[in-house]
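Peer 1:
Protein chains in written order, with the numbering used here: chain G, 210 to 453; chain E, 5 to 268; chain R, 501 to 1106.
(1) Alpha carbon to alpha carbon, how far is residue 299 of chain G from residue 236 of chain E?
(2) Does residue 350 of chain G get closer than 8 Å to chain R when you measure Cβ to Cβ?
(3) At a CB-CB cut-off below 7 Å, which residues of chain G make contact with residue 216 of chain E?
(4) Which bits of chain R does residue 337 of chain G rub up against, with CB to CB less than 8 Å?
(5) Is there a Cβ of chain G sitting closer than 8 Å to that of residue 609 of chain R, yes or no?
(6) In terms of residues, what are the limits of the alpha helix (DSSP H) holding residue 859 of chain R?
(7) Which one of R:1054, R:675, R:588, R:664 has the shortest CA to CA distance from residue 1098 of chain R?
(8) Does the segment 349–357 of chain G come close enough to the segment 633–653 of chain R that 3 or more CB-CB pairs lie under 8 Å?
(9) Whole angstroms is fine: what's the gap from residue 764 of chain R's alpha carbon to residue 832 of chain R's?
(10) DSSP on residue 1014 of chain R, reduced to helix/strand/coil?
(11) Tell me the residue span of the beta strand (DSSP E) that contains residue 271 of chain G.
(12) Going along chain R, which residues have a C-beta under 7 Å from residue 261 of chain G?
(13) List the endpoints of the continuous beta strand (DSSP E) containing residue 761 of chain R.
(14) Using a Cβ distance threshold of 8 Å, determine whether the segment 387–395 of chain G contacts the segment 312–320 of chain G, with at least three qualifying pairs required.
(15) Could you tell me if residue 819 of chain R is buried or exposed, where buried requires 16 or more neighbouring beta carbons within 10 angstroms of its beta carbon?
(16) Note down, in chain order, each residue of its chain lying with its Cβ closer than 8 Å to the Cβ of residue 851 of chain R, except the 5 sequence neighbours on either side.
(17) Enumerated in chain order, which unbroken segments of the alpha helix (DSSP H) with a length of 4 residues or greater are wholly contained in the segment 24–94 of chain E?
(18) For the beta strand (DSSP E) that contains residue 840 of chain R, what are its first and last residues?
(19) Report buried or exposed for residue 1027 of chain R, applying the criterion of at least 16 other Cβ atoms within 10 angstroms of its Cβ.
(20) Taking the alpha helix (DSSP H) that residue 932 of chain R falls in, what are its first and last residues?
(21) Roughly how many angstroms lie between the CA atoms of residue 873 of chain R and residue 769 of chain R, to the nearest whole one?
(22) In chain order, what residues of the segment 615–635 of chain R put their CB closer than 9 Å to some CB of chain G?
(23) Excluding the 5 residues flanking residue 309 of chain G on each side, which residues of the same chain have their C-beta closer than 6 Å to its C-beta?
(24) Let's see if you can read the secondary structure: which residues bound the alpha helix (DSSP H) around residue 230 of chain E?
(25) Any idea what DSSP makes of residue 415 of chain G, helix, strand or coil?
(26) Output yes if chain R places a C-beta closer than 8 Å to the C-beta of residue 325 of chain G; else output no.
(27) What are the residues in the segment 300–327 of chain G lying within 8 Å of chain E by C-beta distance?
(28) Hey, does residue 20 of chain E have any beta-carbon neighbour from chain G nearer than 8 Å?
(29) Beta carbon of residue 950 of chain R, beta carbon of residue 536 of chain R: below 8 Å?
(30) Can you tell me the Cβ-Cβ gap for residue 277 of chain G and residue 287 of chain G, rounded? I've got them flagged as a contact below 8 Å.
(31) So what's residue 815 of chain R in DSSP terms, helix, strand or just coil?
(32) Taking all protein chains shown into account, decide if residue 5 of chain E is buried (16 or more other Cβ within 10 angstroms of its Cβ) or exposed.
(33) Please compile the residues from chain R whose C-beta is within a distance smaller than 8 Å of the C-beta of residue 225 of chain G.
(34) Please list, in chain order, the chain G residues whose beta carbon lies closer than 8 Å to that of residue 600 of chain R.
(35) Would you call the CB atoms of residue 912 of chain R and residue 581 of chain R closer than 8 Å?
(36) Could you check how far apart the C-beta atoms of residue 253 of chain E and residue 67 of chain E are, in whole angstroms? I think they sit under 8 Å.
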């Protein structure tokens, strides 16, 4: 059995620092296993948020060797264990303790977004929708709300524009409603003026870190940007609408 | 614009302070990719600027350099500004250039490689302030679809150039021949087609703007989506090929390259 | 003594999984003040893990389906120990609950004519499960969450109850702590709904997350409510077995629904050899027919892989014990074989089972479109729980309601796949509705009425810190309990082993009283583990006691020393409650006779 070193961010606020923990590692282990082992044997009071340990709930988000990842889905054999593996909390949100951050901002902002609004039924009194049309919003509904995309988005992470920009997770939340054939809500003006989709400069880091493999930028954000252009920036489109 | 800057929600307590430029825990060579993009795009910009100002050596036999097509004027008109050397390329190059500058792929790429905004994912940035694409002049990026309309037109023109490159003057008579240069001229609109037809704006226009798509619309949308999935690859290959085609034509026109082999 | 915050509601809901959220939505719709306590963040509850789908007789794929068939399937699956009233309400109301989700923004997979698609599942006669690929639970919890936050409901995320509060024979709230800063919180309410889920963490190999420590069951038991059917623990036949760190993670039954087959190491589909009598007429006797069934052929009978979970799990265990298992102690689940039948099998599998594909690819380096998976039983679901009234979901204690997995009755001795998601919604709604009605007719009590209960809860909360880091390690006790329960009260049980288990539980209880933890109350996982131990030990003891008492094998309860069903035991439910001296008391409650109409529904679907 081999031993690896895990350099874990411990503490609260100003008093936080890296602490190195040696830990025995076995075949097939993921980072969360190592963290649990350290917690059970060396650091009983270490704060870690986790639930399903199967990549389905999106609780155990952290930064492993500098990249935002789910601890439960990062296998140790994908890391270089000859050097210490750094594990830090997410950077785009207030730190609580050890590996845990306060992600409540995401929930509060989501609450401000106008929810799904059912369109009137079809002629037969039911709501029909076809697979070919729901494929698109279904991709966005795969989101497990791990907030890794929010963490890596430099608008939130580096520029702290939480009061102006909703971030990739909530943009795909808007997208799944805007592109749902059963929804007749309109969130385009809010997208432009309140959620400020224009702050996204398409660097695609959100797509890169998404553990669900959602094409956040190409399939959600850019199509939303195009819809905003239709509505507010395209003179031809406006002219066309007047004549229609 | 009445509701701009409505605050969404403040964080309850501040997040960790912004990290200094280049600061990251990533152990990999994260700077390699932005550097390659910087060098690649930089080389193209330098070469194409130089080539555009030459104003000469853009025809070689039946071949016309894509950087000069279509040739709108061959001689200096009276209204041409005195300080600017005359070149036919300057009349048209803004269109494909604008298409690429406003392209969603290139935007993300050059914001990273040239502005370090961010340099790459999860790496500290040099600046504190940030405007995004919300204000002038970057609001102009929203004109991408207009450049797309032009790019589609250029696609037709370049396809026509490719057709022309198959007809060689032999003793005053046009004859169908395929030379190495012909192949190069044919590949050019194909790669540009792959790039242009995979454009995000086109994807929006042919179906993306609708939540419910009929059969034919859905098929078209799926085709564009398929190309769009590898938009980056088409962007680079087509960019490189345009430059290469110009070099080929230029060297031929200058008499440096004399082996435009005939294939049949 | 540390202070506490006070929050007052009309209805307090404990748990924010499917049942809790649905109850909250319903209670809020009645216009009462609703507070929800959630042990984790919103949207992370175990509901998220449900993969296959939600059973509801919509009849979209096979129009022969209706509530009577669903009712009969549920009763047969539960070996007729179910609360038939609940099974009836469940079968009747599930379709409305599905449609309602769609109207709140859920996007289910579609039939070619644009309606909600349904898939086959074990024990269900017709394709009945509304689903979204293999992530139905995520769709449901996200829909409920997004809908609930728009209602006037207050959420307390990452908050755990230490005790329920009683006054004048009524449940009047609860007392607990929040994780983030470790603050204590008092919740005063006119009615309380428990929706805390299962007890999977009492076992070593489980698909449940850390939260499922039997909180609701233990709290209700301590408060004096009765629990029933607790001997019935469902071991899902297909959990991952390799690598060791992912042992227990669920592999959806949907794999078998899509044509996946179980084989032993001789390459034999061993389930064909052992089909229970009451399913023989509805089970395929050859591979070809089974395949046709999974592809929607209405004339074909289901393959034996889609028999009930208890049966399949036991057969897998038997194969492994007999040395016919896979290299890591499971059997082979093969979906890759369908390439013989479908030219585009790789895309088909990825489309139908995307998260299974990724789960194996990422966690086990295995491509399920090319290779068979190794699977074995994993602790999955708790059929037993708090005894409730079928219509109102009220427990034996006034003002205390329970819904979802922590309540008992719907599933009897064994749950059919897909019936849990519909259970959550049907009975979550009912609990919310009746709790709101109850709250409207009852007055609140002040904190002074429960002062001593608060003081003792705080004392219990502080005790681990007083003993400090040199006390017993809470993680160690939890691990030992899990290992012991897995070995002695697992999928196959005997009198001796359960007797041994009771002794071990008593020993662990003594050690748990000495558990200590360092640090402070702020987000201290060790502290949470220490406080959950009481609940785990309580439910472990209940399961073992009931298991020892039921001397027969039925559904989720299999005894090696009594391997057959016993007709007498088929007529009673076991009910456990806390005696005056704190000891467990048990009673045999005869199953109530069924009305003629329901009997007929069972008869016509035999």
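Even for Gly, the Cβ is constructed at its ideal location relative to N, Cα and C.
Peer 2: Looking at the atomic coordinates:
(1) Those two C-alpha atoms are separated by around 29 Å.
(2) yes
(3) 342, 390
(4) The answer, in chain order, is 613, 614, 615.
(5) yes
(6) 854–864
(7) Checking every option, the nearest Cα to that of residue 1098 of chain R belongs to R:588.
(8) yes
(9) When rounded, the separation of the alpha-carbon atoms in residue 764 of chain R and residue 832 of chain R is 6 Å.
(10) coil
(11) 270–273
(12) 548, 549, 709
(13) 761–763
(14) No contact exists between the segment 387–395 of chain G and the segment 312–320 of chain G.
(15) buried
(16) 633
(17) 36–58
(18) Annotation for residue 840 of chain R: no beta strand (DSSP E) segment contains it, and DSSP assigns it neither H nor E.
(19) buried
(20) 919–940
(21) 14 Å
(22) Of all residues in the segment 615–635 of chain R, 615, 617, 632, 633, 635 have a Cβ within less than 9 Å of some Cβ in chain G.
(23) Excluding residues up to 5 positions away in sequence, 256, 258 lie with their Cβ nearer than 6 Å to the Cβ of residue 309 of chain G in the same chain.
(24) 219–232
(25) Helix at residue 415 of chain G.
(26) yes
(27) 300, 301, 302, 303, 304, 311, 313, 314, 317, 318, 321
(28) Answer yes: the Cβ-Cβ gap between residue 20 of chain E and chain G drops below 8 Å somewhere.
(29) no
(30) Not really, about 15 Å apart at Cβ, beyond 8 Å.
(31) helix
(32) Unreliable placement is indicated for residue 5 of chain E, whose pLDDT of 31 sits below 50; the coordinate value is still reported in the next sentence. So residue 5 of chain E counts as exposed.
(33) In chain R, no part has a C-beta under 8 Å from the C-beta of residue 225 of chain G; the shortest such distance is about 13 Å.
(34) Near residue 600 of chain R there are no residues of chain G at all, since even the closest Cβ is about 11 Å away, more than 8 Å.
(35) Closer than 8 Å, so yes.
(36) 5 Å
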